[in-house]
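Each number in my numbering corresponds to the 1-based position in the sequence shown with 13 added. Even for Gly, the Cβ is constructed at its ideal location relative to N, Cα and C. Computed from a predicted model, the values in this text were never measured in an experiment. Structure, as structure tokens:
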Amino acid sequence: MPSTFGYWKTRAYLLEYVGEPYEMKWYDFGSPPDYKGEDWYKEKFTLGLDFPNIPYYIDGDTKLTQPLAIMLYIARKNELDESTEEEKQLVDMSELQAQDLRMELVQLFYKNWNEEAKRAFLNPDEKGSLPSYLKLFSSRLQDSKFLVGEHVTHPDFILYESLEWALFAFPDCLDQYSVIQNYHQRLYNLPSMKAFRESSKSVD
Ligand SMILES: N[C@@H](CCC(=O)N[C@@H](CS)C(=O)NCC(=O)O)C(=O)O
């Protein structure tokens, strides 16, 4: 039986990459101005999840929430991050570094969407700004195809999603960062990404 991935209408790049058959269960946000998401909230406490939330992932008796826990499980199950001790350390650091950027974006989009915060987010001299992250990732990716060398690991999908969000809000934001642009394109052009974009599961 295929696993089930439940979320608001969004995507599951890692599942696509590992090629696992899964069912996407999309919940509707609801309509403006309230976006009550009733579809989800009426089901939230009925699924047997320890910490009910979305995204969730149900694979037989395995029931997970929290995106990182889900990604780590899928990566382990598919031996995606299997590597030397040194590479494992790099996977851990890359995951947390990419997650920090993701949380900066979440703060900006959901809590702080105003002109001053947007300017600060794009200011290279500001702590926690997008350029401050891009500089560090550029240096890591200078001689490396992906965050942990020649093969994709789960943190690449956290960073890819964050770059997609950043590009959506600030289309020019990678203009000065050719290393990151090339990295973004490398992931964008993975066969699994292309197949996903052409599938009915794809959303903008
Ligand atoms: N730490 C999680 C928490 C999960 C979460 O906050 N889910 C949000 C969407 S990203 C939600 O709308 N949850 C619905 C709920 O609280 O029931 C994350 O990184 O996304």
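Open item on the list: Just to confirm the assignment, what range does the alpha helix (DSSP H) spanning PHE181 have?
Closed with: 167-182
- [ ] State yes or no: is the C-beta of GLN110 nearer than 7 Å to some heavy atom of ligand 1?
- [x] no
- [ ] Have a look at GLN189, GLU211, VAL192, GLN110 and flag the residue whose alpha-carbon is nearest the alpha-carbon of LEU175.
- [x] One point to set straight first is that residue 175 is Ser, not Leu, in the sequence displayed. Ranking the options by Cα distance to SER175, first place goes to GLN110.
- [ ] Locate the alpha helix (DSSP H) running through MET116, then write down its first and last residues.
- [x] 98-119
TODO: Grab me the residues of PHE58's own chain with a C-beta within less than 8 Å of its C-beta, minus the 5 sequence neighbours each way, in chain order.
DONE: PRO65
Open item on the list: Taking CB distances under 8 Å as the criterion, tell me whether ALA88 reaches chain B.
Closed with: Annotation note: the requested chain B is absent from the structure, which comprises a single protein chain.
TODO: Please name the residue or residues paired with LEU77 in a DSSP beta bridge.
DONE: TYR70
- [ ] For the alpha helix (DSSP H) containing SER145, list its first residue and its last residue.
- [x] 143-154
Open item on the list: If the criterion is Cβ atoms closer than 8 Å, does the pair TYR86 and ILE67 meet it?
Closed with: no
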